[in-house]
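Our numbering puts the first residue of the sequence shown at 4, with every later residue one more than the last.
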Amino acid sequence: MDTNQPVGLAKNVAIAITAAAAAAVVAIAFALSGAQDPASRAATVAAADTAATLPITIEVFDPVHQRSVEASHWAPTGNRNALVVLSHGFAGDRTSLDDSAARLNEAGFTVIAPTHPDLAGLESGVADLDPLVLRPRHVSLAIDAAVERNGRSFDEVVVIGHSMGAFTALRVAGADVEVGALLDDHCATEPADEVLCSPRATPRFEQVVGMNAVDDRVTSVVLLAPAYGPLFDAASLELDPSVLVVTARDDALVSAAQTDALVGRMVEADSFDQRRHHTIDGGHFVFLRPCSAEEADAMPVACEGSELRAAAHLELIDGVVLDFLDGDAQATR
């Protein structure tokens with residue numbers, strides 16, 4: 004499928020939120036009456052003060068599993084031979100980071116954002132379809148699709164991930180999963196963390212230990228509210244791509260202690276500059292695109308502060324992310 008119609012809202016959007024004081028993570032799904040029309044999408048883009056191209060929908064084909072996932076693709080707007088791959092959080096979709104994608108596109112980046120079929124993968128019970136396994140593969144396949152569509156390889160390939168998307172970014176950057184003392188210590192400190200500490204979690208993590216997910220084309224990663232940090236020890240975080248970390252000040256899903264510990268291990272591994280750790284106001288979902296009125300009614304927690312997101316994202320992209328990427332690009336010339 005390849006259509007020139009602007010991407011609308013996914014009819015079924017699921018976003019992970021805390022169930023009880025940052026204890027269990029659950030998926031909340033809701034259905035909208037229809038897709039967002041082109042005029043509404045244009046208004047959303049304008050609200051973010053962008054002049055980016057509108058995205059088209061493409062199919063990213065997985066030859067191993069003989070199935071495709073949908074992805075949003077923003078064509079290049081300038082001469083910068085650079086690609087951004089956006090990896091949404093657990094159970095989100097390709098529209099989750101739309102306004103940030105538009106701003107990055109206006110800045111000259113080609114952008115591609117696949118939908119990771121997280122819930123379907125978990126419900127399948129098939130190990131190879133588990134999001135922990137499949138997400139990094141989808142990022143590499145999205146890079147392949149962008150290269151094919153644009154008829155060239157890219158000098159810069161940046162993976163920006165939110166929450167579980169940040170886990171995904173670390174995996175393609177070369178971080179290996181470790182199940183051991185770090186995870187044990189975390190679960191002793193935060194035993195109510197159902198995502199990392201439930202009896203069902205460890206077997207899932209163990210299946211990806213030793214599984215190579217690195218994509219050597221990736222030059223930089225941006226981690227937004229990075230989840231699953233206790234799965235990466237210092238030795239596994241000796242990364243070649245440069246790293247930017249952005250945390251949310253009032254994040255109730257990923258604790259500040261968890262993120263600070265991850266950053267500390269990257270510093271220990273000599274793969275991270277502490278000055279590249281930034282904090283912005285808001286909660287875990289502050290990085291998502293602004294919500295529609297229907298979404299705000301259906302998901303008040305995930306949409307809290309939505310009216311402030313467009314301005315916050317513009318400031319984040321222009322004031323932090325682009326400075327990081329521009330400096331990284333100059334350093335490699």
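Yeah, the Cβ is synthetic: ideal placement off N, Cα and C, and Gly gets one too.
Here the structure is a predicted model, which means the values were calculated and not measured.
Per DSSP, the beta bridge partners of ASP65 are ARG70. An exposed status is given to THR282, since fewer than 16 other beta-carbon atoms sit within 10 Å of its beta-carbon. At a Cβ-Cβ threshold of 8 angstroms, LEU125 and PRO134 count as neighbours. For a cut-off of 8 angstroms, the C-beta gap from LEU226 to LEU173 is around 7 angstroms, short enough to register as a contact. Using a Cβ-Cβ distance cut-off of 8 angstroms, the segment 178-187 and the segment 244-262 are not in contact, since fewer than three pairs of beta carbons, one from each stretch, lie closer than that value.
Taking 8 angstroms as the cut-off, the Cβ atoms of GLY330 and GLU307 do not count as close. By the neighbour-count definition (other C-beta atoms within 10 Å, threshold 16), GLU209 is an exposed residue. Counting only unbroken stretches of 4 or more residues, the alpha helix (DSSP H) elements lying wholly within the segment 198-269 are 204-209, in sequence order. CA-to-CA, the gap between ALA78 and VAL63 works out to about 16 angstroms. Cβ-Cβ distances below 8 angstroms link SER156 to VAL150 and ARG220 in the same chain, with the five nearest sequence neighbours on each side left out; the list follows chain order. One thing to note: ARG292 has its Cβ no nearer than 8 angstroms to the Cβ of ASP121. Contact annotation: LEU234 and ALA272 have beta-carbon atoms that are not nearer than 8 angstroms.
Note on geometry: alpha-carbon atoms of ASP179 and LEU242 lie some 10 angstroms from one another. Rounded to whole angstroms, the Cβ separation of PRO139 and VAL88 is 11 angstroms, and the two are not in contact under 8 angstroms.
PRO194 counts as exposed, since fewer than 16 other C-beta atoms from the protein chains shown sit within 10 angstroms of its C-beta. Here DSSP, grouped into helix, strand and coil, assigns HIS141 to helix. Shown here, LEU57 sits in coil according to DSSP, grouped into three states, outside any helix or strand. If you keep only unbroken alpha helix (DSSP H) runs of at least 4 residues inside the segment 161-188, you get 167-176. The closest CA to that of GLU318, considering only PRO303, ALA94, ASP284 and ALA301, is found on ASP284.
Following the DSSP letters along the chain, one finds HIS316 inside the alpha helix (DSSP H) bounded by residues 312-319. Comparing alpha carbon positions, the residue from PHE93, HIS68, LEU144 and GLY92 closest to ILE115 is LEU144. Note on geometry: alpha-carbon atoms of SER309 and PRO58 lie some 22 angstroms from one another. CA-CA distance, GLU197 to ARG278, rounds to 31 angstroms.
DSSP places ALA78 outside any beta strand (DSSP E), giving it a letter other than H or E. Bounds of the alpha helix (DSSP H) holding ALA105 are 101-109.
With respect to the 8 angstroms criterion, VAL161 and ALA85 are classified as neighbours on the basis of their beta carbons. A direct Cα-to-Cα measurement between MET214 and THR171 gives close to 13 angstroms. Secondary structure at VAL129: coil, using DSSP grouped into helix, strand and coil.
Annotation for SER99: HIS91 and LEU291 place their beta carbon closer than 6 angstroms to its own, counting only its chain and skipping 5 residues before and after. The residue from GLN69, ALA251, ARG70 and THR222 with its alpha-carbon nearest to that of ARG312 is ALA251.
The DSSP-derived three-state label of GLU159 is strand.
In terms of Cβ geometry, SER166 and ALA264 do not form a close pair [threshold 8 angstroms].
If you draw a straight line from the Cα of ASP276 to the Cα of ALA105, it is about 28 angstroms long.
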